[in-house]
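Report on one structure; see the data block that follows.
Have a look at this one:
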């Protein structure tokens, strides 16, 4: 069994009666929501707040992104992994695909304790930790596959915990993702820039695009979708009010799924 690592000394943690402890007796309680807090910094770190988590949970439970979840599941199942991580797992919507994997150790990591409360309920077989994706509490070369959906990407840290030839699947917005929503908000909507991921540790081996149209039939759905996007924090009050006036919206969604393979040492 792959252990979590102590954030203080780096030694393996053993779970005993709802307490994780290392040989140096650093200990961490397993919460009743089935995650352990392994955030190393003493600074107050929040991650997504309650309202953001609730909005994203409501929207994703509407199944608007189910085709993306199905495509991601297909890609992961094809690898037949024995150990995986959902990096920046949030409330566990995509982590749920772990239930389709046989004989596989599954982990989820996120900074937001509020999101992990939901994830722990949704995915009882997955081991969750509150931790930074840039400081994963997992051993070197321990995982077969990592996926990162709309989350901060830590390529160097991903390379550390992946085995040689291990896979990293990165899901992000395509150029026209939420195009019709942006047409409502902005006078001059813009295509999403496509980031080029370059790392000496990885090579791109596959890239796929998934696009379709979703229909939002309530003002709540529209606001929930908007709240879970970066646009929410960059948009003026006046432009936000344009969306608030809508009770229905049809918009294109476009996702880019890139698979990277870790190069052999």
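Numbering (the UniProt record's numbering), first residue to last: 1 to 265.
Beta carbons are placed, not taken as given, at the ideal position from N, Cα and C, and that holds for glycine.
Beta-carbon proximity of residue i to residue j, cut-off 8 Å
i, j, result
"residue 151", "residue 88", "yes"
"residue 55", "residue 229", "no"
"residue 20", "residue 11", "no"
"residue 136", "residue 114", "no"
"residue 210", "residue 257", "yes"
"residue 133", "residue 154", "yes"
"residue 33", "residue 121", "yes"
"residue 138", "residue 161", "yes"
"residue 176", "residue 252", "yes"
"residue 119", "residue 39", "no"
"residue 263", "residue 203", "yes"
Euclidean distance between Cα positions of residue i and residue j
i, j, result
"residue 84", "residue 198", "22 Å"
"residue 90", "residue 6", "22 Å"
"residue 15", "residue 186", "51 Å"
"residue 237", "residue 163", "47 Å"
"residue 213", "residue 110", "29 Å"
"residue 80", "residue 86", "15 Å"
"residue 41", "residue 250", "43 Å"
"residue 98", "residue 126", "8 Å"
"residue 239", "residue 76", "39 Å"
"residue 123", "residue 73", "15 Å"
"residue 235", "residue 36", "35 Å"
"residue 182", "residue 233", "14 Å"
"residue 108", "residue 95", "7 Å"
"residue 13", "residue 1", "11 Å"
Residue i, DSSP secondary structure in three states
i, result
"residue 154", "coil"
"residue 61", "helix"
"residue 266", "Outside the shown range of the chain, which is 1 to 265, sits residue 266, and nothing can be said about it."
"residue 144", "strand"
"residue 8", "coil"
"residue 207", "strand"
"residue 149", "strand"
"residue 252", "strand"
"residue 186", "coil"
"residue 93", "coil"
"residue 214", "strand"
"residue 243", "helix"
"residue 174", "coil"
Beta-bridge pairing of residue i - partner residues as DSSP gives them
i, result
"residue 109", "87, 129"
"residue 223", "None; residue 223 has no bridge partner."
"residue 19", "16, 29"
"residue 35", "128"
>> Can you confirm whether the segment 59-78 touches the segment 206-222 when touching is taken to mean that 3 or more C-beta pairs between the two stretches lie within less than 8 Å?
In response: With contact defined as three or more Cβ pairs closer than 8 Å, the segment 206-222 and the segment 59-78 are in contact.
> Are at least three pairs of beta-carbons, each pair with one atom in the segment 164-180 and one in the segment 100-110, less than 8 Å apart?
Replying inline: By the C-beta criterion, the segment 164-180 is judged not to be in contact with the segment 100-110, since fewer than 3 inter-stretch pairs fall below 8 Å.
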